[in-house]
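In terms of the working numbering, the sequence shown opens at residue 3 and continues consecutively.
The beta carbon of each residue, even a glycine, is placed where N, CA and C say it ideally should be.
For clarity, every value in this text was computed on a predicted model and none was experimentally measured.
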Amino acid sequence: MQRHTFAIQIKKGKLLNYRRTLGEVWPQVKNFFDIYNLKNFSLWSVDLIVFGYYESDDDFIADDTFLAKINELDSHFAGVYDWISEPGKPMRLMFHNYGGVQESKELVYKKIFVIHLFEGMADEYKRRHDAVLPTPEQEARHRACNNFTIWNAGDYVFGYMEMDATLEREKTPEHREHSRNWETSMLEIMDWVTNDVDWLTGEYHSNYYCIASYK
């Protein structure tokens, strides 16, 4: 299985235009997914940022016909958004922990996060993330977090994960302190767009919403 992501920035005052146009072209989008056997698609909105995730078979290739179809769908949204990622091209995979990816999603819920990096900090973010050694408790928690990936495009980082609700556990004080130290250090190089660490900073960040999905 291959994993794919993309991200766009809606222009100010154009969010309703985007959603309306998405509804108008949705039958074409579904047909596009079916032709290329694309699966597990979800589309997420936070403020004016939209992040998309989908999966394909291992032998999938984004050929010229595929890219032309993306450009055709993109043309319906002229003047509505700018691309953060490159259309039809892979975003940079910063981290993956695929875990026990489950075919059935009946007891799985999906989460994302969005980070805005300070200018030129993409490599530093990856260096810091790669250097972290997970605690035993984190390893246990990761078993509940299936199909966890982190992606980068421009000055943004996007995380996608599928959580098995039956395996989740409450955070211990030790894990919470570890999270506090980690997040505090990472705020040296980035700002959160989503509300993941509002408990730490006391600041307000927007919720994210799944605005479309297709199995």
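Annotation for GLN11: LEU50, ILE51, TYR83, ASP84 and ILE86 place their beta carbon closer than 7 Å to its own, counting only its chain and skipping 5 residues before and after. For VAL199, the three-state secondary structure derived from DSSP is coil. Rounded to whole angstroms, the separation of the alpha carbons of HIS118 and TRP194 is 6 Å. The segment 85-99 and the segment 152-163 touch, with three or more beta-carbon pairs separated by less than 8 Å.
Counting other Cβ atoms within 10 Å of its Cβ, ASN209 stays below 16 and is therefore classed as exposed. Collapsing the DSSP output to three states places SER77 in a helix. According to the DSSP secondary-structure assignment, THR174 is paired through a beta bridge with no residue.
Residue environment: MET93 is assigned as buried (16 or more neighbouring CB atoms within 10 Å of its CB, all protein chains considered).
The three-state secondary structure of HIS118, taken from DSSP, is strand.
Taking the Cα of LYS91 as reference, the smallest distance to any Cα among TYR20, THR7 and THR196 is reached at THR7.
Per DSSP, the continuous alpha helix (DSSP H) segment holding HIS131 begins and ends at 124-133. Per DSSP, the beta bridge partners of LYS113 are MET163. Here the alpha carbons of VAL199 and LYS113 stand approximately 14 Å from one another. Cα atoms of TRP201 and HIS98: separation of roughly 25 Å, rounded to the nearest angstrom.
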